[in-house]
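Numbered according to this note's numbering, the sequence shown spans residues 157 to 550.
Everything below concerns the one structure shown next.
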Amino acid sequence: MTRLVVEADGGSRGNPGVAGYGALVRDGATGRVLAERAAPLGKQSNNVAEYSGLIAGLEAAARIDLAADVEVRMDSKLVVEQMAGRWKIKHEDMRRLALEARELCSARSAAGGSVRFTWIPRADNKDADKLSNDGMDGLTIDRSYADGPDATAVDATRPAAVSERHPDGPADQPDKGLVTDPVPGAAADLGAPTRILLVRHGLTDFTVKGRLDGRGGGDPVLNPDGEAQAQACAAAVRRLVGAEARVVTSALRRARQTGDAIAEALGTTATSDERFDEQGLGDWDGKSMAQVAARWPDELAALRTDPAYARPGGESHDELRDRVLAGWRDVVDAGGTTVLVGHRKPFLVVLAEVLGMPHDRFWRLALAPGSLTGVEVWADGNASVSFVNRTSHL
């Protein structure tokens with residue numbers, strides 16, 4: 157089992173004041189530095205900066221190996237104790253960031269890895285502290301190393317770009333969060349990866365009431381909260397990818413509405429592709445999960461574990477997988493950056509394919525309404541998941 161070490165820190169000159177974060181990832185066996193991250197945050201508190209460093213470190217580790225065992229080392233007793241669940245989180249900004257960090261930990265657990273947190277003295281965290289000072293000085297650093305820091309680095313050091321954790325930046329500038337470098341060890345001639353941002357649609361009344369809404373069902377529209385989520389997604393996507401992206405949605409109305417809001421923010425027009433529709437659930441469409449669980453418990457278990465099982469008038473997981481992956485291959489082959497707006501089960505199919513997860517385990521991945529998930533695919537077929545279920549924009 158691969159073992160990685162994340163060292164993370166953050167700081168604020170004024171608390172709150174000019175803030176930045178830093179993080180690095182080491183090979184747990186050799187101590188070699190595999191990746192370095194830093195970025196400014198505008199005016200923020202010290203604790204928000206520390207959490208931002210933690211998230212950056214977890215995201216960098218996910219790009220290296222999502223299934224690795226990770227030890228996170230920080231000199232913030234507060235963050236370590238809160239992430240371990242021993243201390244409560246009272247501040248709203250910190251609760252949001254802690255949730256984002258926990259979602260990254262959950263994605264790693266679902267892929268077969270683990271995360272543990274260790275407090276270290278500040279004197280033992282000098283490298284992450286230096287990177288956080290680079291962030292406070294206005295630098296954004298995204299370095300990946302093939303053979304340790306003495307080798308040639310893939311370096312994306314640049315002045316500050318706007319990001320979800322840099323609220324003082326101008327709204328019309330793109331965040332370079334998805335413009336990342338190949339994973340360590342990737343061949344130099346593979347070029348830039350294809351980047352796909354998965355966006356789950358906003359809330360509908362069906363979602364709120366726990367009613368099933370598969371392909372062929374009632375095709376509900378966004379409710380007012382879902383419409384607000386769509387607008388929040390549009391702003392977040394604009395920050396992440398800029399205007400140079402195409403938008404593809406499923407053919408269902410809730411996805412098309414969410415996609416249209418995103419396309420408008422990007423200055424483009426969304427196209428729909430029914431291959432990304434939600435799974436057809438036949439006679440279960442429109443029923444609540446409570447009804448299904450009470451009346452058809454064995455059949456519900458079969459739907460979750462047997463890829464050949466289908467409801468009358470619906471489709472099996474195997475049928476869903478075939479159509480979704482056919483669409484996915486077309487998106488990957490198109491290159492560039494694509495914003496794909498759709499549904500939980502089709503996105504689980506995609507993530508299972510990328511991560512090599514079996515059908516009966518991908519249910520452990522959380523994909524909330526309005527969430528963002530980043531995937532990068534290289535020319536040789538290798539892929540990485542940059543982040544999963546990001547909801548801090550909502």
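For every residue, glycine included, the Cβ atom is placed at its ideal position computed from N, Cα and C.
Cβ-based neighbour list, residue i, same chain, cut-off 7 Å, excluding 5 preceding and 5 following
i, result
"Leu521", "Ala263, Ala266, Leu504, Leu507 and Val544"
"Asp283", "Glu163 and Leu180"
"Ala539", "Val510, Val531, Glu532 and Val533"
"Leu550", "Gln385, Ala388 and Gly526"
Counted within 10 angstroms of its Cβ, other Cβ atoms place residue i as buried (16 or more) or exposed
i, result
"Pro525", "buried"
"Glu248", "exposed"
"Trp440", "buried"
"Arg479", "buried"
"Val235", "buried"
"Arg182", "buried"
"Pro323", "Reliability of the predicted coordinates at Pro323 is poor, the pLDDT of 34 falling under 50, and the value obtained from them is presented with this limitation in mind. Pro323 comes out exposed."
"Ala426", "buried"
"Asp165", "buried"
"Thr363", "buried"
"Gly537", "exposed"
"Pro196", "buried"
"Asp328", "A caution first: Asp328 carries a pLDDT of 34, below 50, which makes its placement in the model too unreliable to give a value."
"Thr529", "buried"
"Ala217", "buried"
"Gly187", "exposed"
"Gly128", "Nothing can be reported for residue 128: it is not among the residues displayed for the chain, which extend from 157 to 550."
Rounded C-alpha distance that separates residue i from residue j
i, j, result
"Thr494", "His357", "15 Å"
"Leu222", "Val510", "11 Å"
"Lys199", "Gly176", "9 Å"
"Thr158", "Gly269", "9 Å"
"Asp516", "Thr461", "5 Å"
"Pro380", "Pro453", "33 Å"
"Gly423", "Ala399", "7 Å"
"Ala392", "Asn171", "26 Å"
"Ser288", "Leu295", "9 Å"
"Asp293", "Gly178", "12 Å"
"Val541", "Glu532", "6 Å"
"Arg431", "Ser406", "7 Å"
"Gly492", "Gln447", "43 Å"
"Asp361", "Gly442", "11 Å"
"His473", "Pro463", "5 Å"
"Lys244", "Ala254", "11 Å"
"Leu523", "Asn281", "33 Å"
"Arg485", "Gly167", "42 Å"
"Arg242", "Gly382", "34 Å"
"Pro202", "Glu475", "Per the sequence presented here, residue 202 reads as Asn, with Pro not at that position. Cα to Cα, the separation comes out at about 50 Å."
"Arg258", "Phe518", "17 Å"
"Arg546", "Ala449", "29 Å"
"Leu496", "Arg412", "10 Å"
Residues near residue i by beta carbon distance below 6 Å, same chain, minus five either side
i, result
"Val204", "Asp249"
"Arg278", "Asp231"
"Leu408", "Asp375 and Asp433"
"Asp429", "Val404 and Gly483"
"Phe273", "Val228, Val236, Met239 and Ala240"
"Asp225", "Met157, Arg159, Gly269 and Ser270"
"Arg477", "Val505"
"Pro468", "Gly438 and Asp439"
"Trp275", "Lys233 and Val236"
"Asp416", "Ala426"
Residue j beta carbon less than 8 Å from that of residue i
i, j, result
"Glu434", "Lys501", "yes"
"Ala212", "Arg299", "no"
"Leu260", "Glu206", "no"
"Val487", "Thr414", "no"
"Cys389", "Ile352", "no"
"Leu551", "Gly373", "As displayed, the chain neither begins before 157 nor continues past 550, which places residue 551 out of reach and without an answer."
"Gln387", "Leu359", "no"
"Asp110", "Ala194", "Past the boundaries of the shown model lies residue 110; the chain is included only from 157 to 550, so the question cannot be answered."
"Gly209", "Gly370", "no"
"Leu378", "Arg402", "no"
"Ala189", "Tyr301", "For the record, residue 189 in the displayed sequence is Val; it is not Ala. Contact flag set, yes."
"Arg394", "Ala421", "yes"
Any C-beta of chain C under 8 Å from that of residue i
i, result
"Ser262", "The question asks about chain C, but that chain is absent: this structure has only one protein chain."
Sequence-distant residues of its chain with Cβ nearer than 8 Å to residue i (five each side left out)
i, result
"Leu481", "Val505, Val506 and Glu509"
"Ser444", "Lys365, Gly366, Arg367 and Leu368"
"Pro514", "Ala508"
"Lys246", "none"
"Ala490", "Thr350 and Arg402"
"Ala458", "Tyr465"
"Arg169", "Ala175 and Met292"
Original post:
If you scan the stretch 445-515 from start to end, which runs of the beta strand (DSSP E) of 3 or more residues do you find wholly inside it?
Top reply: Runs found: 493-498.
Original post:
What alpha helix (DSSP H) runs, 4 residues minimum, are completely inside the stretch 190-237?
Top reply: If only complete runs of 4 or more residues are kept, the stretch 190-237 shows the alpha helix (DSSP H) at 202-220, in order along the chain.
**OP:** Enumerate, from N- to C-terminal direction, the unbroken alpha helix (DSSP H) stretches of 4 or more residues contained entirely within the stretch 360-404.
**Re:** Counting only runs of 4 or more, we get 361-365 and 380-397.
**OP:** Within the stretch 235-304, note down every full alpha helix (DSSP H) run reaching 4 residues or more, in order along the chain.
**Re:** As far as the stretch 235-304 is concerned, its whole alpha helix (DSSP H) runs of at least 4 residues are 248-266 and 282-292.
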